[in-house]
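Residue numbers (the working numbering): 406 to 666.
The beta-carbon is built from N, C-alpha and C at its ideal position, and this holds for glycine as well.
A short write-up of the structure that comes next.
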Amino acid sequence: MLEDVRFVIVGAGGLGCPALLGLRAAGARRLTVIDHDLVELSNLQRQVLYGVPDLGVAKVDAARWAAGASASREDFVGWRARLDPSDPQRLRAQLRAAAAGEPSPNTANQPVAEAIASERAVVLECSDSPALKFAVHDACLAAQLPVVIGGVIAWRGQAMAVDPRTTGAGGRACYRCLFEAPPPRELAPACATVGVIGAAAGAIGHLMASLAVGLLDEAGDSPAGALHDLDLLTGRVRRLAPEARDDCPGCKAATPQRRPS
């Protein structure tokens, strides 16, 4: 089921590493990983694809080696790039190009974007930037790409799957139905300040992988529209599945190609 689907992982860090492993274990063979960073010593506590020999290596290259994507049957593309949340049009074109397996973000342009509308792909937003999470969400809805968004801090994490075909009035919620905008910087402390428990990042990353696979199950109940909240310290698990907001700007950005929710 997954061999012909491309999974685009934005951010090869604490969430992206376990998400990639979960997808590979599930049978995914077409992967595009996007990250601009190099492996640092402080990453090793939670970014499970990397070890001491990878220090100073680009994460997209280290991820390729760690995932064992050297066999001929694998299709692994690494973009060493920083996506810009302030340029929505370019971001949308880049994500569409990534979904098509383009080898570089420099090939992202409108003709390419339009030519790959039929590609089967799911985007996993695994970065640690709130602004980029919202920008990727909006770009995916506009590009008709299903997306899974995750975040983790300390012991707690959240993940949500969004399918443009089911969002909007009378359908399922998108990310902006729950969170209208990125929080102010003072209310969203950086991971470097608060810290992240490696096991929490692993749990949320694998959850994101399972949600991404679930979005492709046409016969089952889609996981889209529900926010999963996990606290690994207390063991509390919550699932919120609100109705889509009629006035949600995120839902309005999605091209109306709805399927039953």
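- Output the boundary residues of the beta strand (DSSP E) element that contains residue 563. As a first step, residue 563 is located in the sequence shown; it is residue number 158 there, counting from the start. Residues 561–567.
- For the 8 angstroms Cβ check, are there 3 or more pairs between the stretch 423–431 and the stretch 610–626? With the cut-off at 8 angstroms, the stretch 423–431 and the stretch 610–626 touch.
- Message: Assuming the contact rule is C-beta atoms closer than 8 angstroms, residue 443 and residue 415 should be a hit. Round their C-beta distance to whole Å, please.
- Response: In the sequence shown, counting from the first residue as 1, residue 443 sits at position 38. In the sequence shown, counting from the first residue as 1, residue 415 sits at position 10. At roughly 17 angstroms, the Cβ-Cβ gap does not stay under 8 angstroms, so residue 443 and residue 415 are not in contact.
- Query: Helix, strand or coil: which one does DSSP assign to residue 462?
  - Reply: Here residue 462 is taken as the residue at index 57 of the sequence shown, counted from 1. Three-state result, residue 462: coil.
- Under the DSSP definition of a beta bridge, which residues are partnered with residue 557? Taking the sequence shown and counting its residues from 1, one reaches residue 557 at position 152. Residue 557 is bridged to 562.
- Query: Between the C-alpha atoms of residue 459 and residue 488, what's the straight-line distance to the nearest angstrom?
  - Reply: One-based indexing of the sequence shown puts residue 459 at position 54. One-based indexing of the sequence shown puts residue 488 at position 83. Note on geometry: alpha-carbon atoms of residue 459 and residue 488 lie some 23 angstroms from one another.
- Item | Contiguous alpha helix (DSSP H) assignments of at least 4 residues, all confined to the stretch 571–620 | Taking 4 residues as the minimum length, the alpha helix (DSSP H) runs contained wholly in the stretch 571–620 are 580–583, 596–599 and 603–619, in order along the chain.
- With 16 other Cβ atoms within 10 Å as the buried cut-off, status of residue 533: The residue given as residue 533 occupies position 128 in the sequence shown. By the neighbour-count definition (other C-beta atoms within 10 Å, threshold 16), residue 533 is a buried residue.
- Quick one, are the C-beta atoms of residue 435 and residue 411 less than 7 angstroms apart? Residue numbering aside, residue 435 sits at position 30 when the sequence shown is read from its first letter. Residue numbering aside, residue 411 sits at position 6 when the sequence shown is read from its first letter. It is a contact, given that the beta carbons lie within the stated cut-off.
- Mind checking residue 543: buried by the 16 CB within 10 Å criterion, or exposed? Indexing the sequence shown from 1 puts residue 543 at position 138. Per the 10 Å Cβ criterion, buried.
- Beta carbon of residue 574 nearer than 7 angstroms to that of residue 651: Along the sequence shown, one-based indexing puts residue 574 at 169. Along the sequence shown, one-based indexing puts residue 651 at 246. For residue 574 and residue 651, yes; Cβs fall inside 7 angstroms.
- With distances taken Cα to Cα, identify the nearest neighbour of residue 588 among 648, 558 and 535. Along the sequence shown, one-based indexing puts residue 588 at 183. The candidate whose alpha carbon is nearest that of residue 588 is 535.
- Please name the residue or residues paired with residue 648 in a DSSP beta bridge. Here residue 648 is taken as the residue at index 243 of the sequence shown, counted from 1. Residue 648 has 577 as its beta-bridge partners, per DSSP.
- Query: Closest to residue 508 by CA distance: which of 583, 438 and 639 is it?
  - Reply: By 1-based counting over the sequence shown, the position of residue 508 is 103. Ranking the options by Cα distance to residue 508, first place goes to 438.
- Query: Rounded to a whole number of angstroms, what is the C-alpha to C-alpha distance between residue 569 and residue 602?
  - Reply: Taking the first residue of the sequence shown as 1, we reach residue 569 at position 164. Taking the first residue of the sequence shown as 1, we reach residue 602 at position 197. Approximately 32 angstroms, taken between the alpha carbons.
- Query: What are the partner residues of residue 416, as DSSP defines its beta bridges?
  - Reply: Residue numbering aside, residue 416 sits at position 11 when the sequence shown is read from its first letter. Under DSSP, no beta-bridge partner is assigned to residue 416.
- Query: residue 633 and residue 641: beta carbons closer than 7 angstroms?
  - Reply: Walking along the sequence shown from the start, residue 633 turns up at place 228. Walking along the sequence shown from the start, residue 641 turns up at place 236. In this structure, residue 633 sits away from residue 641, with a CB-CB distance that is not shorter than 7 angstroms.
- Task: List the endpoints of the continuous alpha helix (DSSP H) containing residue 426.
- Result: Here residue 426 is taken as the residue at index 21 of the sequence shown, counted from 1. Residue 426 -> alpha helix (DSSP H) spans 421–431.
- Task: Take residue 465 as the anchor and find which of 635, 441 and 646 has the nearest alpha-carbon.
- Result: As a position in the sequence shown, residue 465 is number 60, starting the count at 1. Closest option to residue 465, Cα to Cα, is 441.
- Task: Run the CB neighbour count on residue 604, radius 10 Å, all protein chains shown included, and call it buried at 16 or more, exposed below.
- Result: Within the sequence shown, numbered from 1, the residue matching residue 604 stands at position 199. Counting other Cβ atoms within 10 Å of its Cβ, residue 604 stays below 16 and is therefore classed as exposed.
- Select from 555, 567, 562 and 540 the residue whose C-alpha is nearest the C-alpha of residue 586. Locating residue 586 in the sequence shown gives position 181, counting from the first residue. Comparing Cα positions, the closest option is 540.
- Is it right to say residue 525 is buried, meaning 16 or more other beta carbons lie within 10 angstroms of its own, or is it exposed? Walking along the sequence shown from the start, residue 525 turns up at place 120. Classification for residue 525: exposed.
- Would you report the Cα separation of residue 545 and residue 497, rounded to the nearest angstrom? For this step, residue 545 is matched to residue 140 along the sequence shown. For this step, residue 497 is matched to residue 92 along the sequence shown. Distance between the alpha carbons of residue 545 and residue 497 is about 7 angstroms.
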